[in-house]
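Enquirer:
There are 4 protein chains.
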Amino acid sequence: MQSPIEVGVLGATGMVGQHFIRFLARHARFKIAWVGASDRSAGKKYRDATAWRLDGAMPASVADLAVEECKPGNAPKLVFSAMDASVATEIERAFAQAGHTVVSNSRNHRMEADVPLLVPEVNAEHLASLAIQKANRGWSGQIVTNPNCSTIVLTLALAALKPFGIRNTVVTTMQAISGAGYPGVPSMDITANVVPYIGNEEEKMESETQKILGEFAQGAFQPHPMGVSAHCNRVPVVDGHTEAVSVDLSAAPSEADLIAAIDGFRGLPQLRNLPSAPPRPLIYMTDRDRPQPRRDVERENGMAVFVGRLRKCPVLGYKFLCLGHNTIRGAAGAAVLNAELMESEGLLG
Amino acid sequence: MQSPIEVGVLGATGMVGQHFIRFLARHARFKIAWVGASDRSAGKKYRDATAWRLDGAMPASVADLAVEECKPGNAPKLVFSAMDASVATEIERAFAQAGHTVVSNSRNHRMEADVPLLVPEVNAEHLASLAIQKANRGWSGQIVTNPNCSTIVLTLALAALKPFGIRNTVVTTMQAISGAGYPGVPSMDITANVVPYIGNEEEKMESETQKILGEFAQGAFQPHPMGVSAHCNRVPVVDGHTEAVSVDLSAAPSEADLIAAIDGFRGLPQLRNLPSAPPRPLIYMTDRDRPQPRRDVERENGMAVFVGRLRKCPVLGYKFLCLGHNTIRGAAGAAVLNAELMESEGLLG
Amino acid sequence: MQSPIEVGVLGATGMVGQHFIRFLARHARFKIAWVGASDRSAGKKYRDATAWRLDGAMPASVADLAVEECKPGNAPKLVFSAMDASVATEIERAFAQAGHTVVSNSRNHRMEADVPLLVPEVNAEHLASLAIQKANRGWSGQIVTNPNCSTIVLTLALAALKPFGIRNTVVTTMQAISGAGYPGVPSMDITANVVPYIGNEEEKMESETQKILGEFAQGAFQPHPMGVSAHCNRVPVVDGHTEAVSVDLSAAPSEADLIAAIDGFRGLPQLRNLPSAPPRPLIYMTDRDRPQPRRDVERENGMAVFVGRLRKCPVLGYKFLCLGHNTIRGAAGAAVLNAELMESEGLLG
Amino acid sequence: MQSPIEVGVLGATGMVGQHFIRFLARHARFKIAWVGASDRSAGKKYRDATAWRLDGAMPASVADLAVEECKPGNAPKLVFSAMDASVATEIERAFAQAGHTVVSNSRNHRMEADVPLLVPEVNAEHLASLAIQKANRGWSGQIVTNPNCSTIVLTLALAALKPFGIRNTVVTTMQAISGAGYPGVPSMDITANVVPYIGNEEEKMESETQKILGEFAQGAFQPHPMGVSAHCNRVPVVDGHTEAVSVDLSAAPSEADLIAAIDGFRGLPQLRNLPSAPPRPLIYMTDRDRPQPRRDVERENGMAVFVGRLRKCPVLGYKFLCLGHNTIRGAAGAAVLNAELMESEGLLG
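Chains as they are written, first to last, in the working numbering: chain A, 931 to 1279; chain B, 931 to 1279; chain C, 931 to 1279; chain D, 931 to 1279.
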């Protein structure tokens, strides 16, 4: 049995930070040794600095940690970033500069030309960009990011179809309220309602998807040459983003071919049996009215994407549904799996 | 001031029938004189035969009407049909045979080759098929239908774009629970959930849209030569179907052209100022997060379709949102407007 | 026909202020001539200063009014106060001092010894305290308040039972999210949940109820000598506070006596046919599962309280349900009815 | 390690039956060996006879069992009954007659004079009535029942206060939709609404509570001499009944006394460490807005009752909130714990 790897969490007291704390507290390999937050919280115990919003109790192992400022000094080599976008750029760079590996859920560095936007089952080879990142920036550390929650769900599903040649996709999301944090979406907006707009979400899905599905070649990311059109909506669901997808493929697979590709899809996390990897990243459900967020999203520890209703699309060729847990597979769990992949690649230094 | 036109309602005690009763009770021109229902209800007063499910009280003017069997004998010339699909075919035909004009919300006759599937602002000229219907069937009466609720919303929005040449559309619906009647959707299915399947709804949207937007020429309906792909979902909203639409146009209009076309769209109901016609059938909303079902669907007496978020679609050209009231513009109000158009055309005999 | 009375609204841009604007825009007698808000908004047009959150459009008659600071100078004689509690004390007093009649929905002055806490059907005679208020304070104007939204619903129902001698009441509320304003209750808190706590609400219901049902005698308010115990809960309902009430009466009425008292209850607003008065302030519903907030709260323009399920309580004697519209009868409509009563009493000066 | 005890489930294909199957499939000691359902299902595999409605997948260990008719023949000695009330009386009696121990969740026998209405932490001594039951009825088997879901939550909380002398209680429930089974509550009734009526629920809470808290003495149940008044409401919550309780005690404990009594409350299931027993049957939560159903009900495997907000009641003395999982602690889990207690008492024969 290996000794645990100490990790820190930047922005540990906020909602995303709490998701990291909850996810990591049960982790077999990573041990939370350090929590960073704003000046206002620094010096307090985590239990006193944090208004715990998640179901279940605050993990006891973290409650008594002293919160520190988000400065590199005492933090472990590996830090997860749950920083708010308004401050993430500077702080994440300071940590990378000081030799830390920053595994970030923030959006700030996702689209940078030398930063991997990683989904371990989909584009593990993008980690090759880290050498360039370090050289470019003169960092002893490094920054790796995971995509926006709705993008992860989509790209995992599309990755299985990539061998058939993806030319275009139109996706309409029905996203859970937990994606907006806390206090997040006012109940007066979403009770018995649909809010058909989420700031910058469509742009993120469209650009991130191309980067993730693309190649890293000759020292640069080559966006996958495909059209992506997203319609993003908020619906009164607690956890789980549901996405209705039409896809235009260059090959002419049968429905059975596609379902087999979905069911058979595996990536490095599965081959290496990484601690947080779901045995199967994609689960195809055969009931005609599944997946459904409230009923299915907690399965597989929230780390799989559920696919269903694959059928012909009269316009683009095929259409289907997919569903993933936005705060687990779409955020904290995604970042932790990124770190696990990096460790298995020997990239944690 | 004209004398009122007496009307009947077939299937008056069910949920759709109740929507007809409520809508017609406030009507300036039509007067409910006859209510038909199953044998079980026949002979009772409407108030005793009906478990009233709608908000507000049962209209007093109807409460004391005696319910009759759904047979042609005593019914007025004009009857609205809210019959369940399991029995509508036979009963509606019997009434048409006996000389009645049947204005039906049921799906049974919608796709027949000699039955108009009418949206008065969109395809009033389809009424020309009635002459052929009567000749074909040897009826002194006639049957006219309105589309499925989600189709009406879509086709009204698309009608404004038709001058730009519609080649393809991909639509994802987020449909209200009231569309499923009563008891309808179990709360265990839809509370804090999305149910991504509605039986036969996608097929109906795909085929009905082509018929409605098509021509009636040389004695036959010519479906509009376009691809339609529908993803239909139920969401926890009480009233109002929201639809995210991508559309491929053969012309190259600007966004301003399209918004002007939407805002300027009018049909015969507006020109003739029909009693139930909204002054503008399409209302373009400029706020970036509108329309929303709970906040907007009751405006314009539920008879307009609300459009918003028109923007470029990287795959099909343009995308937008539309919203309509499924039990008013999508059902009872649609049928009543059909009858008003027929009266203005002199087709009520 | 009388000429309209010009009115102002203090705090017109906030949520409560918007409810006043919407309610007053349709008023037969009062005309909104002045809107006051914070310094930040002063100088802008109402349409520009206000993020309109209510269903339906902002009333056109108000949209172009210039927002002024909340200072007495230009305001009409009669002002409605929708001020936040943090600033209401000082501002309302400044207006009263300057000769204005302040009809306030804020909680700040409700429990003052010389300020009427008015429910026009229940304690119109409390207006006699105004003479003392003016004398005490040296004001040429005056302040009148309406109760907390959940209190109004309870006290209207209890007022009908007062002739039977109310000794004690235990009430459990299930309150709508609109009662908390905007952004108000986070959706993460209330979606598919109950939040069994509303800050200070129980204390307000307990003390306000005693004042309202008490007498104004010998120059002082005499709280009604009764026990009031409130359990206040937030539930995922948009509008309408539902209250389950047990009551201990000193007389021994029959159920029929109580229902007759509820149905027959009338107050000065009904006798004088005040513009916003519902014909019957209490509506007893006989269906065993009514009233229900979503289905019933909009009836009677939101100004009546709906009562149902009156039955024996094995502990306190009788129990029943009541329901009222928290933002209409419980807030803006309550204040406007207070002003109407004052006008009919000749108290607007 | 003991060998497993084989058990059967009567009514295994319905919603309550599915809850039993799911709960028992993870049980350390009981093994599902037999499933009974209606004639219509008999002969099929469980997977084919059952429309599985619960979250997560049908337990694989049960899926291939052949469903049998609900007749005593092949069933194990111990059977759990999830029978519908319309048929439970006859079938449960037939099994008891044939020597089976029937541990029933159905309401039919709860109030019989020789049938224990058991909450293991509260009235284990009521099992003494079984000897009389067998003698009275001439049965070699026996019937034991658990209370209605809302009653269990209340009586567990009240049991801790019983040492202080309970004279009266007034309780208002806010009950989850899962309590009504499937399809259960129509979404048109409960979406964004409260339904303030649940058939026979108030009567059940009032009578069952007195039996459970009473003594079994001199061969008969002596109802606890207390007044119980219940107001039962349905709210849009998936799982978990929340109850607002006022209680009149003959002693004069302090708040601290009561909280200590709640925190310290234990019963035989805890002393004997029964497999399904929660370590503490009552968990007192100190946050002012807890417990909440969506956030708390799944803790402790759904087997504890959560209490909070204990405070003075101006009318009855004290008031507090309690919350329990209606389909686990209130149904399947309750029955299983009953069987575990009986086994530990040597009453399974």
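Just so it is clear, CB atoms sit at the ideal spot from N, CA and C, and this is done for glycine as well.
Only a predicted model underlies this, so the values are computations on that prediction, with no experimental measurement involved.
At a CB-CB cut-off below 7 Å, which residues of chain C make contact with T1102/D?
Expert: By Cβ distance, chain C contributes T1102, H1161, A1174.
Enquirer: Taking the continuous beta strand (DSSP E) assigned at A1269/C, which residues delimit it?
Expert: That residue, A1269/C, is in no beta strand (DSSP E); its alpha helix (DSSP H) goes 1263 to 1274.
Enquirer: Taking all protein chains shown into account, do 16 or more other C-beta atoms lie within 10 angstroms of the C-beta of K1141/C, making it buried, or fewer, making it exposed?
Expert: It counts as buried.
Enquirer: In chain B, which residues lie with their C-beta within 8 Å of the C-beta of T1257/C?
Expert: Near T1257/C there are no residues of chain B at all, since even the closest Cβ is about 15 Å away, more than 8 Å.
Enquirer: What is the rounded straight-line gap between the Cα of G1170/B and the Cα of F960/B?
Expert: So the alpha carbons of these two residues sit roughly 26 Å apart.
Enquirer: Buried or exposed: where does A1150/D fall if 16 or more other Cβ atoms within 10 Å of its Cβ makes it buried?
Expert: By the neighbour-count rule (16 or more Cβ atoms within 10 Å), A1150/D is not buried but exposed.
Enquirer: Relative to the C-alpha of L1271/C, which candidate in N1076/C, Q948/C, A1182/C has its C-alpha closest?
Expert: Considering only alpha carbons, the answer is N1076/C.
Enquirer: Please name the residues in the region 974 to 1000 of chain B whose beta-carbon is closer than 7 Å to at least one beta-carbon of chain C, in chain order.
Expert: Correct list: D985, G986.
Enquirer: Starting from A1122/A, find everything on chain D with Cβ-Cβ shorter than 7 Å and list it in chain order.
Expert: Within chain D, the residues near A1122/A are T1121, A1122.
Enquirer: What residues from the region 1225 to 1257 of chain B come within 8 Å of chain C, judged by C-beta to C-beta, listed N to C?
Expert: If the cut-off is 8 Å between Cβ atoms, the region 1225 to 1257 of chain B has R1225, D1226, E1228, R1229 near chain C.
Enquirer: Of all the CB atoms in chain D, is at least one closer than 8 Å to the CB of Y1214/C?
Expert: With 8 Å as the cut-off, Y1214/C does not count as an interface residue toward chain D.
Enquirer: Which residue's Cα is closest to the Cα of P1199/B: E1055/B, A1015/B, F950/B, V1124/B?
Expert: Nearest option by C-alpha distance: E1055/B.
Enquirer: So is S1080/D buried or exposed if we call it buried at 16+ other beta carbons inside 10 Å?
Expert: Looking at its Cβ environment, which holds 16 or more other Cβ atoms inside 10 Å, S1080/D is buried.
Enquirer: Cβ closer than 8 Å: which chain D residues qualify as neighbours of Q1114/B?
Expert: Reading off the sequence, residue 1114/B comes out as Gly, not Gln. The contacting residues are P1116, S1117, M1118.
Enquirer: Counting contacts by CB-CB distance shorter than 8 Å, is P1002/B in contact with chain D?
Expert: No, P1002/B lies away from the interface with chain D (no Cβ there is under 8 Å from its Cβ).
Enquirer: Under the rule that 16 or more other beta-carbon atoms within 10 Å means buried, what is L1201/D, buried or exposed?
Expert: With fewer than 16 other Cβ atoms within 10 Å, it is exposed.
Enquirer: Taking the alpha carbon of D1217/A as the point to measure from, which residue in D978/B, P1126/B, A958/B, S1159/B has its own alpha carbon closest?
Expert: Among D978/B, P1126/B, A958/B, S1159/B, the Cα nearest to that of D1217/A is on P1126/B.
Enquirer: Counting Cβ pairs closer than 8 Å, one from the region 932 to 945 of chain B and one from the region 993 to 1011 of chain B, do we hit at least three?
Expert: With a cut-off of 8 Å, the region 993 to 1011 of chain B and the region 932 to 945 of chain B count as touching, because enough Cβ pairs lie within range.
Enquirer: To the nearest angstrom, how far is the alpha carbon of V1074/C from that of A1005/C?
Expert: Cα to Cα, the separation comes out at about 17 Å.
Enquirer: Check distances from the C-beta atoms of the region 1121 to 1152 of chain C to those of chain D and list, in chain order, the residues that come in under 8 Å.
Expert: Correct list: T1121, A1122, N1123, V1124, V1125, P1126, Y1127, E1136.
Enquirer: Strictly by DSSP, which residues pair up with C1243/B?
Expert: Paired residues: G1247/B.
Enquirer: A1174/D and V1101/D: beta carbons closer than 8 Å?
Expert: Their beta carbons are under 8 Å apart, which means A1174/D touches V1101/D by this criterion.
Enquirer: For the beta strand (DSSP E) containing N1066/B, list its first residue and its last residue.
Expert: Element bounds for N1066/B: not the beta strand (DSSP E) but the alpha helix (DSSP H), 1059 to 1067.
Enquirer: Residue range of the alpha helix (DSSP H) that S1117/A falls in?
Expert: From DSSP, the alpha helix (DSSP H) with S1117/A extends over 1117 to 1120.
Enquirer: Around the Cβ of N1123/D, are there at least 16 other Cβ atoms within 10 angstroms (buried) or fewer (exposed)?
Expert: N1123/D should be labelled buried.
Enquirer: List, in chain order, every chain C residue whose beta-carbon is nearer than 7 Å to that of D1219/D.
Expert: V1125, P1126, Y1127, listed in chain order.
Enquirer: How is the alpha helix (DSSP H) around Q1200/C delimited, first residue to last?
Expert: Segment 1198 to 1201, the alpha helix (DSSP H) holding Q1200/C.
Enquirer: Classify G966/B as helix, strand or coil using the three-state DSSP reduction.
Expert: Note: G966/B maps to strand in three-state DSSP.
Enquirer: Residues of chain F with CB under 8 Å from I1107/C, in chain order?
Expert: In the structure shown, chain F cannot be found, because the protein chains are A, B, C and D.
Enquirer: Under the DSSP definition of a beta bridge, which residues are partnered with K1141/A?
Expert: In DSSP, K1141/A forms no bridge with anything.
Enquirer: Should the region 1180 to 1196 of chain C be called in touch with the region 1132 to 1148 of chain C, which here means at least 3 C-beta pairs below 8 Å?
Expert: Touching, no, given that fewer than three Cβ pairs across the two stretches are closer than 8 Å.
Enquirer: Taking the straight line between their C-alpha atoms, what separation do you get for M1233/A and G966/A?
Expert: Taking the straight line joining both Cα atoms gives about 26 Å.
Enquirer: To the nearest angstrom, how far is it from the Cα of V1052/D to the Cα of A981/C?
Expert: Approximately 55 Å between the Cα atoms of the pair.
Enquirer: With 7 Å as the limit, tell me which residues of the region 942 to 967 of chain D have their beta carbon closer than that to any beta carbon of chain C; keep them in chain order.
Expert: Answer in chain order: no residues at all.
Enquirer: For P1209/A, decide whether its Cβ has a neighbour in chain C, counting only Cβ atoms nearer than 8 Å.
Expert: Not closer than 8 Å to any Cβ of chain C, the Cβ of P1209/A fails to qualify, so no.
Enquirer: Closer than 8 Å is the cut-off here; do at least three beta carbon pairs connect the region 1255 to 1265 of chain B with the region 981 to 992 of chain C?
Expert: Flag = no, the region 1255 to 1265 of chain B and the region 981 to 992 of chain C do not touch.
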